[in-house]
Amino acid sequence: MHKSRSFLTILGIVIGITAIMMVMSLGKGAQNLILSQIQNIGAKTIAIIPGREPKGITDVIATFSDSLKNKDIEALGRKENAPHITKIMPIVFGGETASYGNETYRPTIFGVTDFFTNIYGIYPDEGRVFGDDEIKSYANVVIIGSKIKDELFGDSDAINQKIRIKERNYRVIGILSKQGQSGFLNFDDTAIIPYTTAQTYIFGIKHFHRIVVETDNEANIDSTVKDIEATLRASHNITDPSKDDFFVQTQAQAIETVSVITNILTLFLAAVTAISLIVGGVGIMNIMLVSVTERTREIGLRKAIGVTDKNILTQFLFEAVMLTGVGGVIGILMGTFLSFITALILSKVAGLQWVFAFPMSAAFLGIGVSVIIGLIFGIYPARQASQKSPIEALRYE
């Protein structure tokens, strides 16, 4: 009879279920995007990361370490230490301001070797990649992403022009086509230079932020990991593995780690948004108590003609569950629609390879939670209705 009031009553449930659907859908989409980018890097690559392997939040700071040095590159390059390694790429990265004329922009500086083209599968759309000679000679050359080109040069030609980074001029030798996000990097916003140049002239460090190696065969991944660990422990004079100041991560381990992290974050955010369901449940209980008061004479009349307390309890409990159940269905539909629109915007506007994900578990969870909320917050009003005296109820004005 009170359609507007009923809709406003279930609005809290609708908002809560919509939020849960969006969080879980977008969380799954983000996980799929990151995992696909990691898989694109290739199963034969192994990452060496400085610092202790994080086991918890307090260990994250330990990854900011300067433990990987040139001596480690040299040690890993010896065939007697790691016979199955075919490529070694040190990586340094950070942010720094770049300028051209009156234009300035702050890109991500990515210091690598030419092996980055194989790992990430990207090549300059214009120009070329720097070679070994330029790496060894600390050459002032740079490959820029499409966004940097647009910000600094606009429609003018950027090849062979010089941009200024930290008081030095770097000649643009290549321009990447629009790539979008790739794993944790957005190459449109990245300036790629020889790692020797970045290490010496931009960051002023003698260590590496990462070392990536490639094996000759996927079957040799496990043995190569052991070779790397043994080589670096010898290089760092470590005899107790628990004292390692580095850790080795294969693509399979990276996928597992990312899956765990994204699942935890998704569940945490879903739990936070579920607070609105409690607010919605209180609203349901409140309106059901009002309904019980408004329908006191109806309850008395029904009891006078033989309806039992159990029948009254069931009637009001069913009404509460029906309200929350309808709210759950509307929330699922709205959450799915908004998640689809968001995924479309991220893929078309932001340029991400984002695929819409509909988590069935979230839909079942939404229906289940909304029904449970109806039961929990509907029991008290339903019990209040069932316990009314039929004589007093009929006299109620």
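My numbering applies: residue 15 is where the sequence shown begins, and numbers increase by one.
A virtual CB, placed ideally from N, CA and C, is assigned to each residue, including glycine.
**In DSSP terms, what S113 is bridged to** = In the sequence shown, counting from the first residue as 1, residue 113 sits at position 99. Paired residue(s): T118, R178.
**Prompt:** How about M103 and Y184: do their beta carbons lie closer than 9 angstroms?
**Reply:** For the purposes of this step, residue 103 is taken as residue 89 along the sequence shown, with counting starting at 1. For the purposes of this step, residue 184 is taken as residue 170 along the sequence shown, with counting starting at 1. No, they are not a contact pair.
**Request:** From the DSSP output, in three-state form, read off N183 for me.
**Result:** In the sequence shown, counting from the first residue as 1, residue 183 sits at position 169. It is a strand residue.
**Prompt:** So F351 is in the alpha helix (DSSP H); what residue range does that whole segment cover?
**Reply:** Residue mapping note: residue 351 aligns to position 337 of the sequence shown, counting from 1. That run of the alpha helix (DSSP H) goes 323 to 362.
**Pair within 9 angstroms by beta-carbon distance, F124 and A205** = For this step, residue 124 is matched to residue 110 along the sequence shown. For this step, residue 205 is matched to residue 191 along the sequence shown. Cβ atoms of F124 and A205: closer than 9 angstroms.
**Message:** Please report the distance separating the alpha-carbon of A96 from that of L352.
**Reply:** Here residue 96 is taken as the residue at index 82 of the sequence shown, counted from 1. Here residue 352 is taken as the residue at index 338 of the sequence shown, counted from 1. Their Cα atoms are separated by approximately 51 angstroms.
**Request:** Confirm, please, whether the CB-CB distance from G349 to G380 is below 9 angstroms.
**Result:** For the purposes of this step, residue 380 is taken as the residue at position 366 of the sequence shown. For the purposes of this step, residue 349 is taken as the residue at position 335 of the sequence shown. Yes, the Cβ-Cβ distance between G380 and G349 is below 9 angstroms.
**Request:** Check each candidate in V227, T322, K163, E243 and name the one with the smallest Cα separation from K402.
**Result:** Taking the sequence shown and counting its residues from 1, one reaches residue 402 at position 388. Looking at the Cα atoms, T322 is the closest of the given residues.
**Asked** Can the beta-carbon of R316 be found closer than 9 angstroms to that of N325?
**Response** Position 302 of the sequence shown, counted from the start, is the residue given in the question as residue 316. Position 311 of the sequence shown, counted from the start, is the residue given in the question as residue 325. Yes, Cβ-Cβ distance for R316 and N325 is below 9 angstroms.
**Asked** Taking the alpha-carbon positions, what's the V74 to Q398 distance?
**Response** Indexing the sequence shown from 1 puts residue 74 at position 60. Indexing the sequence shown from 1 puts residue 398 at position 384. Unreliable placement is indicated for V74, whose pLDDT of 47 sits below 50; the coordinate value is still reported in the next sentence. Going by the C-alpha atoms only, they are around 54 angstroms apart.
**Asked** H221 bridges to which residues according to DSSP?
**Response** Numbered from its first residue, the sequence shown carries residue 221 at position 207. In the DSSP output, where bridge partners are listed per residue, H221 has K83.
**Item:** Beta-carbon gap between P64 and D202 smaller than 9 angstroms
**Value:** For the purposes of this step, residue 64 is taken as the residue at position 50 of the sequence shown. For the purposes of this step, residue 202 is taken as the residue at position 188 of the sequence shown. No, these two residues do not count as a Cβ contact at 9 angstroms.
**Prompt:** When burial is assigned at 16 or more other CB atoms within 10 Å of the CB, is E333 buried or exposed?
**Reply:** Taking the sequence shown and counting its residues from 1, the one referred to as residue 333 is at position 319. Here E333 is buried, its C-beta having at least 16 other C-beta atoms within 10 Å.
**Item:** Cα-Cα separation, G339 to L327
**Value:** Position 325 of the sequence shown, counted from the start, is the residue given in the question as residue 339. Position 313 of the sequence shown, counted from the start, is the residue given in the question as residue 327. So the alpha carbons of these two residues sit roughly 18 angstroms apart.
**Message:** Mapping the DSSP letters down to three states, classify V143 as helix, strand or coil.
**Reply:** Working through the sequence shown from its first residue, we reach residue 143 at position 129. V143: coil per DSSP, three-state reduction.
**Request:** With a threshold of 16 other CB atoms inside 10 Å of the CB of T111, please say whether the residue is buried or exposed.
**Result:** The residue you call residue 111 lines up with position 97 of the sequence shown. The residue in question, T111, is exposed, as its Cβ has fewer than 16 Cβ neighbours within 10 Å.
**Item:** Presumed contact (8 angstroms Cβ cut-off) between S290 and G26, rounded CB distance
**Value:** Position 276 of the sequence shown holds residue 290. Position 12 of the sequence shown holds residue 26. Yes, S290 and G26 are in contact; Cβ-Cβ is about 6 angstroms, under 8 angstroms.
**Request:** Take S249 and list the residues in its own chain whose beta-carbon comes closer than 7 angstroms to its own, dropping the five residues that flank it on each side.
**Result:** The residue labelled residue 249 in the question sits at position 235 within the sequence shown. Around S249: K85, D86, A89.
**Meets three-Cβ-pair contact criterion under 8 angstroms: the region 276 to 294 and the region 32 to 49** = The region 276 to 294, when compared against the region 32 to 49, does touch it at the 8 angstroms Cβ threshold.
**Asked** Between which two residues does the beta strand (DSSP E) carrying P97 extend?
**Response** Indexing the sequence shown from 1 puts residue 97 at position 83. Looking at the DSSP string, P97 is not in any beta strand (DSSP E), and its letter there is neither H nor E.
**Request:** Reducing DSSP to helix, strand and coil, say where E228 ends up.
**Result:** In the sequence shown, counting from the first residue as 1, residue 228 sits at position 214. E228: strand per DSSP, three-state reduction.
**Prompt:** My guess is that G342 and I31 are in contact by the Cβ rule of under 8 angstroms, so how many angstroms apart are they, rounded?
**Reply:** The residue given as residue 342 occupies position 328 in the sequence shown. The residue given as residue 31 occupies position 17 in the sequence shown. Yes, G342 and I31 are in contact; Cβ-Cβ is about 5 angstroms, under 8 angstroms.
**Backbone CA spacing between F372 and P138 [nearest angstrom]** = Residue numbering aside, residue 372 sits at position 358 when the sequence shown is read from its first letter. Residue numbering aside, residue 138 sits at position 124 when the sequence shown is read from its first letter. Rounded to whole angstroms, F372 to P138 spans 36 angstroms at the Cα level.
**Asked** What does a CB cutoff of less than 6 angstroms around K180 pick up in its chain, not counting 5 residues either side in sequence?
**Response** If you number the sequence shown from 1, residue 180 lands on position 166. Only E110, I216 meet the Cβ criterion.
**Asked** The beta strand (DSSP E) with I158 in it runs from where to where?
**Response** As a working mapping, residue 158 is identified with position 144 in the sequence shown. From DSSP, the beta strand (DSSP E) with I158 extends over 155 to 158.
**Item:** Option nearest I386 by Cα separation, candidates G295, L347, S361, A61
**Value:** For the purposes of this step, residue 386 is taken as residue 372 along the sequence shown, with counting starting at 1. Residue G295 is the option with its Cα nearest to I386.
**Asked** Based on Cα-Cα distance, which residue from M15, T122, P404, V227 lies nearest to N132?
**Response** On the sequence shown, residue 132 is found 118 positions in, with the first residue counted as 1. If we check each option's Cα against that of N132, V227 comes out closest.
**Message:** Considering only their Cβ atoms, is the gap separating L303 from Y394 smaller than 9 angstroms?
**Reply:** As a position in the sequence shown, residue 394 is number 380, starting the count at 1. As a position in the sequence shown, residue 303 is number 289, starting the count at 1. Result yes, Cβ atoms of Y394 and L303 sit closer than 9 angstroms.
**Message:** Starting from T131, trace the alpha helix (DSSP H) in both directions and tell me its first and last residue.
**Reply:** Along the sequence shown, one-based indexing puts residue 131 at 117. Looking at the DSSP string, the run of the alpha helix (DSSP H) that includes T131 is 130 to 134.
**Proximity to V155 [Cα-Cα], best of I162, T211, T23, E165** = For the purposes of this step, residue 155 is taken as residue 141 along the sequence shown, with counting starting at 1. It is T211 whose Cα lies nearest to the Cα of V155.
**Message:** Using C-beta distances below 8 angstroms, list every residue in its chain close to R19, excluding the 5 sequence neighbours before and after it, in chain order.
**Reply:** If you number the sequence shown from 1, residue 19 lands on position 5. So the qualifying residues of the chain are I301.
**Prompt:** Quick one, are the C-beta atoms of I189 and G159 less than 9 angstroms apart?
**Reply:** Here the question's residue 189 lines up with position 175 in the sequence shown. Here the question's residue 159 lines up with position 145 in the sequence shown. Yes, the pair counts as a contact, with Cβ atoms nearer than the cut-off.
**Asked** What does a CB cutoff of less than 7 angstroms around E117 pick up in its chain, not counting 5 residues either side in sequence?
**Response** Translated into positions along the sequence shown, residue 117 becomes position 103. Hits under 7 angstroms: E165, L166.
**Request:** Go to A288, then tell me how far its alpha helix (DSSP H) extends in each direction, as first and last residue.
**Result:** Within the sequence shown, numbered from 1, the residue matching residue 288 stands at position 274. Note, A288: premise wrong, no alpha helix (DSSP H); not H, not E.
**Request:** Have a look at E148 and V369 and give me their C-alpha separation to the nearest angstrom.
**Result:** The residue you call residue 148 lines up with position 134 of the sequence shown. The residue you call residue 369 lines up with position 355 of the sequence shown. Going by the C-alpha atoms only, they are around 40 angstroms apart.
**Request:** To the nearest angstrom, report how far apart A44 and L199 are at their CA atoms.
**Result:** Within the sequence shown, numbered from 1, the residue matching residue 44 stands at position 30. Within the sequence shown, numbered from 1, the residue matching residue 199 stands at position 185. Going by the C-alpha atoms only, they are around 14 angstroms apart.
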